[in-house]
Each structure stands twice: as C-alpha cells, then as structure tokens.
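J.:
2 protein chains.
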Amino acid sequence: MHHPENDEHYKGLAVNKGIPQPPSVNPRLKRKKRVRVQPSGYYVEGILKGNVTVLSQAITLVESNSPAHYQIAQEIIEKCLPYSDKSLRLGITGVPGVGKSTFIEAMGLHLTQQGEKLAVLAIDPSSERSKGSILGDKTRMEKLSQEDNAYIRPSPSAGTLGGVARKTRETIILCEAAGFQNIFIETVGVGQSETAVHSMVDFFLLLMLAGAGDELQGIKRGIMEMADAITINKADGNNIHKAKLARIGYQNALHLFPPTPSGWEPKVVTCSAYENTGIPEIWNMIKEYRELAKENGYFTHRRQDQAKYWMYESINEQLKGDFYHHPDIKNVLEATEADVLNEKTSSFVAAKQLLDTYFDALKK
Amino acid sequence: MHHPENDEHYKGLAVNKGIPQPPSVNPRLKRKKRVRVQPSGYYVEGILKGNVTVLSQAITLVESNSPAHYQIAQEIIEKCLPYSDKSLRLGITGVPGVGKSTFIEAMGLHLTQQGEKLAVLAIDPSSERSKGSILGDKTRMEKLSQEDNAYIRPSPSAGTLGGVARKTRETIILCEAAGFQNIFIETVGVGQSETAVHSMVDFFLLLMLAGAGDELQGIKRGIMEMADAITINKADGNNIHKAKLARIGYQNALHLFPPTPSGWEPKVVTCSAYENTGIPEIWNMIKEYRELAKENGYFTHRRQDQAKYWMYESINEQLKGDFYHHPDIKNVLEATEADVLNEKTSSFVAAKQLLDTYFDALKK
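Chains as they are written, first to last, in the working numbering: chain A, 2 to 365; chain B, 2 to 365.
Structure follows, in structure tokens:
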C-alpha cells in the first residue's frame, strides 16, 4: 500500500488544499534533512559494492538518535562485521597546532598514490572542540578530499564520549565493508577520547613538536605510554636540529618504559608533513608493526580484546547512565556529595545510601 | 540477661555434659577468633585515646564481612572522620625484590626517632600476592614493629580489589583518629592496586632498582606517570654508580612528561635502605611537597577529589557487581561474549541485549 508520508514530494499536512501549514505547526517541514530509510539490505548491498553515497547514508543512520534508525543501523552493522579482516586502523592524536590535518593529508595521499583506499574519521566529543571543526579539516585536507580512494567523514555531532565512541566504532565497520581498508581516526590529545581511540585502533600514533617542553602542556599524562610511535612533526627549516634532539630525548624516555604486550618497541621518528618528508618511512614502520603483530598473534588478540572492551564498557556506561539519570538519585546526589566533601559521611556510606535508594526505586 | 554465648569461657554446645562436640559439629569451636562486638562508642573512645588494642579490634570489624559488623564499623568511621586533618598518607610501590620492607623500616625508624607516629598498611588483593605475606613483612620489619609509635597492620585477608580498597581506606581513617598521623600504604607495582593506592594517598613513591631496563619487566605501564617521586633503592657498594646513572635517566624522562596538576615536579632520588643512606633526604622531600601542596591548595583539593572518587567508584563497582552476579546475566554472558569474539554480533548489540535482560528481570 502506498502511503503519502513515504513520497518524497509529499509536503506535509495542509490546512486547506494547496496551502501547507507553517513549519511551527507541521513538524515534518521543520526537519531539513529527513533520512529516508530503506530496508537494511539496500544499504548492505550498496556498501559492499563500495558505493560511497549509500555508505554515507548508512553512517547517518548510525549517527542518528532515533530508535528506528538504530534498529536498522544495527542490522546493517551485523551484516558488515565479517569484512574487516584485512583492515588497518590507525589512531592519530596530538594537540591543536601540531599539524594533524597536514599530516593526515600527506599520509593519505601517500596511500592513495599506491592505490590504497582510506577513510578518515574523527572522535570529537562536544565538550572538547568546537562543533564542526572537522569540516574545517576537510577543507584543509583539500587535495585528499578530491581523491576517489579517500573518504573523509565529518565527526558525528555533539554527544557524550560513550555515544560518539560507539558511533565511530560502528562507522569503522561500515567503511571497512565498503572497501576502505585503511582507517585513520583523529583525536585531539587533551581529553578522555584518546583512551577511546586507543581502544579501537591497531596502531596509535602520537604527533608532537620539538621544543623545550612547552609543547607538552596540552598533552594528558598517560597518553605517551599508549603510543606505538611518537612522530615529531615540523622537522623542517630551522627546526630540523631541534627535532632530532627531541627524537633522541623521547627515544631514551621510551626505553625506560616497561615493554609493550605486543613485543613492539615504540619508535620515535621525525617528519615534515608540510614538506612531505618522512611520510613513507612512517607508513613502512606501521606496516612493519602490522607484520610483527600478525605474526605473533597480537594483532588478532588486540582486536578481540577491543571487541570485549567495548561490550563491557558499553554495559558499564549504560548501568551508570541509568543510575545517575534516575530522578530519585538526581534529587539527592548533590547533597550527598556535599556531605562527603564536608566529612559528614564517608564515601562508602554515601555510596551505599544512594544504591539502596536506586534499587528500591527500581523494584517498585 | 546473661547469655552463655556471650561468655568468652563458654565452649559451645556439648552432647553430654562435660564432653564438647567435635568442631565439625559445633561451628562455634571452629572459629578461632570470635569478634566480641561492643557498642560503637567503646571503640571511638578507645581509638581517640590512642589505644592500639581497641584500634585493632575496630579494624577487625572493618575487615569483617558480617553485616552487623559493617553497621558498627560505619558508625565508628563516621565519628573518626574529622580527625585526619594533620595526617600524611604516603603510598609506596615497587616490584618484589626492590626492598620495600627494608625501605619502610628505615623510613619508619627515621620518623619514630623524631617522635612521629606511623601506621603501616598494605593493599594486597588475593589475586596478586600469596596470602599472608605481609605477616612476613612484619617479621622482616622487626625493629619497626617493636617501636611504640609504629603500628603495623597485616593486610585484610583475600578479597576483591574494591573490597580491599574500601577496607584499607577505612582503616586509614581509624589509624589517623588514633593519632597515627603518618600512614604508609604499601603495594606491589604489578597490578590494578596501584591506581587504588594512588587514589588514597597524598604522595605516591615508586621504588625502583638501577639496571639495564630489566628491572622494569614487572612494573605496569602507566605507574611511572603516577609517581610523585621515583626512588632508586640499593644505591650501595658496586651499585652506586649505576644508581646515579639511572637517576639521571629517569630524571630526564620525567622532564618529558606533562606537568602534574599539583605544580610539583616529580623527583628522582637514590637511597640505600639497607645502609640507611638517603632516607632523611627523602622524608624532607615529602615534607617539601606537603608544604607546597598545602600552600597552593592542592593538598585539600586532592583529598576532596579522592573522597568523591571513592564514592563514585564504590557506586560504579556495586552497580557492576549487581549486574554481573545476576543469575539471568551469568546464564548468558559467556555465550554472548563468544558471539562478539566470533563477530556474530557487535559489541554494542550484545551489550544492549544483556542490559535489556537485566532491567527486565529487576522490574519483575
């Protein structure tokens, strides 16, 4: 049966024939971009054929907050899951100003010149960066965005880190199924999102600048130990010598770190994304890592660990979400926290009181 | 009314007068140490007078898993909470063999010689170390354990990290109220317990050895960045030169780390706990830190952060505990995880299925 809502020319309810209601009355007209939902098979077929328009539509469903879209998105993802065997997921982090876009463009062009396909994604929770700045990146990655073999996707709009991370991880799967077997995931090295990115990539690259230590101001403690490689960018002009010194300094520092579970010794390298030097060497290093990790089984092990991690992380986040959003908890949480800070009650007694309140309410 | 069970000379039910039942029949006789519970005021009074026998009894209640003991323990803790203003909580970590006991004994004796009182505790979750080895430590800290101003408490018996951490944190409060204003908390630097210790101390000290990097094998990645100071122990005899080199190496590495929120620059020092050199200098460094952190407000800020951390950590742990121990979840968790690992289902769909199962069951 044909239903007028499914017709894309349908303009909404009209008070009198031919005179549409104003947008404030008819919500249909308010939505500028309405996602026309097809059966999941449509998307899966398009994605597996490498159709980027369909891929983009499917990613829009993944990013949507509507339950109906969620349902279809999950069906698509399930069917795309088995197509990630040959992919390489590369995490790239560094503070603003380190030259991430230039680096990604240089590295991306190096890949497309070899006939490789790649997708560039970003984790960009609302709190950490002004909305839409990846669109700026896209503009800055002008050459790369014109390549047929490159797919640059602006980051999902504002949301919690957990939500954004889920959407990014699901987008990775869709991109891989569409044949983009190299995935770059960009993040700003100042917040919680690096842990999230680290937990969804095969190789984690930290971009840094040479300098007297000031460049570290923005990097969060602990990120350096996550890195599979540190790249000192902007090793050009007067900077070359400083970059080499920094390389030696970081290399010595990394030697003092405990060994990584992969058996890989994190490397420190220099490059100039701007002058396009050092880029092939970095790509070879990443391939070298992949070879080592595939051979000793760590590659698969890390991916399986990550799949488990996200299952448990997702459960734990949603358990917390349900608790902290419960009205009975919201009512008392602030006062209880104040009692803890004023040493009126201990952390553990406060926790128990809140938990008792919550479970009593759930059972009602 | 006098009840025979409350009489400590009461030996349990007897089958025939004068002939006690065997322990297998009469559980009373099996328990070697029965906790005689007094009203909470008894413990609070004793603790505030500095009575270590009463302190030990109260800690036993804290460590008990009986709900009745829990209730009284919490009453005692609430009343002891306001007595921690002048205390200093020092976390000490390092792999087995680094000389933690010798270091703690040397540092402890240095404190008692100045009339300071201190308590030595340990975080020792069952999985990480063979049960009871802190008793070995107590024996090894022979001189310190004979000091009136030192209180060495064996770690609570086996349990989850969360449980052990709660008990340790509560024990700290009781010790401080009893006048032990310096608290040393020892942990082995190989597991999750360092994060727990780091979240309950004012100063976190990492003990290491000089060497060619092998000594790092056991230290977990990320611990070095938590340290407020690294101490190279066993800087004696032929080791002195190596220790000095290691000191310089670590100092350079720490310079590359981002600054700490306290404004304190983590230090690297050497000592020989065995030859008792370098100990006063380390104590002075810790006092210097305390002065800085008290002056700039970070000391209080960190303690308040920790109080909040444990409230939320405790809530989150118990939410997870309730979920993962729910019979409906236990029944399907393993199979669901296998589906995720085999790419039959995505991490997020699996999580949603489990959460739906759980909340449906709770509402029944």
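By construction, the Cβ of each residue, glycine as well, lies at the ideal position given by its N, Cα and C atoms.
With a cut-off of 8 Å, do at least 3 Cβ pairs link the region 226 to 233 of chain A to the region 324 to 336 of chain A?
T.: Taking 8 Å as the limit for Cβ pairs, the verdict is that the region 324 to 336 of chain A does not touch the region 226 to 233 of chain A.
J.: Near A:ILE78, what residues of its chain come up, given a Cβ to Cβ distance below 8 Å and the 5 sequence neighbours on each side ignored?
T.: Contacts found: VAL63, GLU171, ILE174, LEU175.
J.: How close, in whole Å, do the beta carbons of B:GLY109 and B:PHE204 come, if the pair is a contact with beta carbons under 8 Å?
T.: The distance from the Cβ of B:GLY109 to that of B:PHE204 is about 15 Å, inconsistent with a contact at the 8 Å cut-off.
J.: Suppose you measure from the CA of A:ILE135 to the CA of B:LYS309; what does that come to, to the nearest Å?
T.: Summary for A:ILE135: the model assigns pLDDT 46, below 50, so the residue's position carries little reliability; its value from the coordinates is reported in the next sentence. Those two C-alpha atoms are separated by around 35 Å.
J.: State the start and end residues of the unbroken beta strand (DSSP E) segment that holds B:LEU122.
T.: Run containing B:LEU122: 119 to 123, per the beta strand (DSSP E) assignment.
J.: Just list the residues that DSSP pairs A:ALA230 with in beta bridges.
T.: A:LEU206, A:LYS268
J.: Can you tell me which of A:GLU148, A:GLN354, A:ALA197, A:THR61 puts its alpha carbon nearest to the alpha carbon of A:ASP181?
T.: This sequence places Phe at residue 181 of chain A; Asp is not what is there. Measuring from the Cα of A:PHE181, the nearest candidate turns out to be A:GLU148.
J.: If you compare alpha carbons, which of B:THR271, B:ALA228, B:ILE105, B:ALA197 is closest to B:VAL165?
T.: B:ALA197
J.: Drop a sphere of 10 angstroms on the beta-carbon of B:PRO40, count the other beta-carbons inside from all chains shown, and report buried for 16 or more, exposed for fewer.
T.: exposed
J.: Please say whether A:ALA274 and A:ALA59 have beta carbons closer to each other than 9 Å?
T.: no
J.: Going along the chain, which residues of its own chain have a beta-carbon closer than 6 Å to the beta-carbon of B:GLU314, five neighbours each way excluded?
T.: none
J.: Count the other CB atoms within 10 Å of the CB of A:GLU296; is the residue buried (16 or more) or exposed (fewer)?
T.: exposed
J.: For B:THR188, list the residues DSSP reports as bridge partners.
T.: B:THR94
J.: Going along the region 303 to 325 of chain B in order, which residues come within less than 7 Å of chain A, judged by CB to CB distance?
T.: GLN305, ALA308, LYS309, TRP311, MET312, SER315, ILE316, ASN317, GLN319, LEU320, LYS321, PHE324
J.: Here's a check: name, in chain order, each residue in its chain whose Cβ is nearer than 6 Å to the Cβ of B:MET47, leaving out the five neighbours to either side.
T.: Note that residue 47 of chain B corresponds to Gly in the displayed sequence, not to Met. So the qualifying residues of the chain are VAL55.
J.: Find the residues of chain A that neighbour B:ARG167, judging by a C-beta separation of less than 8 Å, and give them in chain order.
T.: Within 8 Å of the CB of B:ARG167, the CB atoms of chain A belong to PHE349, in sequence order along the chain.
J.: Since B:ALA254 and A:ASN253 are thought to touch, with beta carbons under 8 Å apart, how far apart are those beta carbons, to the nearest angstrom?
T.: 7 Å
J.: Quick one: does B:ALA211 have its CB under 9 Å from some CB of chain A?
T.: At least 9 Å separates the CB of B:ALA211 from every CB of chain A.
J.: Just to confirm the assignment, what range does the beta strand (DSSP E) spanning B:TYR152 have?
T.: Boundaries of the beta strand (DSSP E) around B:TYR152: 151 to 153.
J.: Anything in the region 250 to 265 of chain A with a Cβ closer than 8 Å to a Cβ of chain B? List those residues in chain order, please.
T.: GLY250, TYR251, ASN253, ALA254, HIS256, LEU257, PHE258, PRO259, PRO260, THR261
J.: Does the CB of B:LYS87 have a neighbour CB from chain A at under 9 Å?
T.: no
J.: Quick check on A:LYS50: buried or exposed, where buried means 16 or more other Cβ atoms within 10 Å of its Cβ?
T.: exposed
J.: Starting from A:ILE78, find everything on chain B with Cβ-Cβ shorter than 7 Å and list it in chain order.
T.: SER347
J.: I'd like to know if the region 270 to 285 of chain A and the region 108 to 122 of chain A are in contact, where contact means that at least 3 CB-CB pairs between them fall below 8 Å.
T.: Touching, yes.
J.: Return the CA-CA distance between A:LYS168 and A:VAL121, expressed in angstroms with no decimal places.
T.: 14 Å
J.: Verify whether the separation of the beta carbon atoms of B:LEU162 and A:PHE324 is less than 9 Å.
T.: Between B:LEU162 and A:PHE324, the C-beta spacing is not below 9 Å.
J.: Between A:VAL269 and A:MET286, which are expected to be in contact by the criterion C-beta below 8 Å, what is the C-beta distance as a whole number of angstroms?
T.: With a Cβ gap of about 11 Å, A:VAL269 and A:MET286 do not count as contacting.
J.: Just curious, the alpha helix (DSSP H) that B:ASP237 is in, first and last residue?
T.: In the DSSP annotation of this structure, B:ASP237 is not part of any alpha helix (DSSP H), being labelled neither H nor E.
J.: Pick from B:ARG304, B:CYS81, B:MET142, B:TYR290: whose alpha carbon is nearest that of B:GLY100?
T.: Closest by alpha carbon: B:MET142.
J.: Counting only Cβ-Cβ distances shorter than 8 Å, please list the residues of the region 276 to 300 of chain B near chain A, keeping chain order.
T.: Within the region 276 to 300 of chain B, not one residue has a Cβ closer than 8 Å to any Cβ of chain A.
J.: At what residues does the alpha helix (DSSP H) containing A:SER263 begin and finish?
T.: Careful: A:SER263 lies outside any alpha helix (DSSP H) and carries neither H nor E.
J.: Please state if the CB of B:ALA69 and the CB of B:VAL45 are separated by a distance shorter than 9 Å.
T.: no
J.: Quick one: what does DSSP say A:THR161 is sitting in, helix, strand or coil?
T.: A:THR161: coil per DSSP, three-state reduction.
J.: Span of the alpha helix (DSSP H) holding A:ASP340?
T.: 328 to 342
J.: For B:ASP357, does the three-state DSSP call read helix, strand or coil?
T.: helix
J.: For chain A, check one thing: does any of its Cβ atoms lie closer than 9 Å to the Cβ of B:THR94?
T.: Contact of B:THR94 with chain A is not assigned, every C-beta pair being separated by 9 Å or more.
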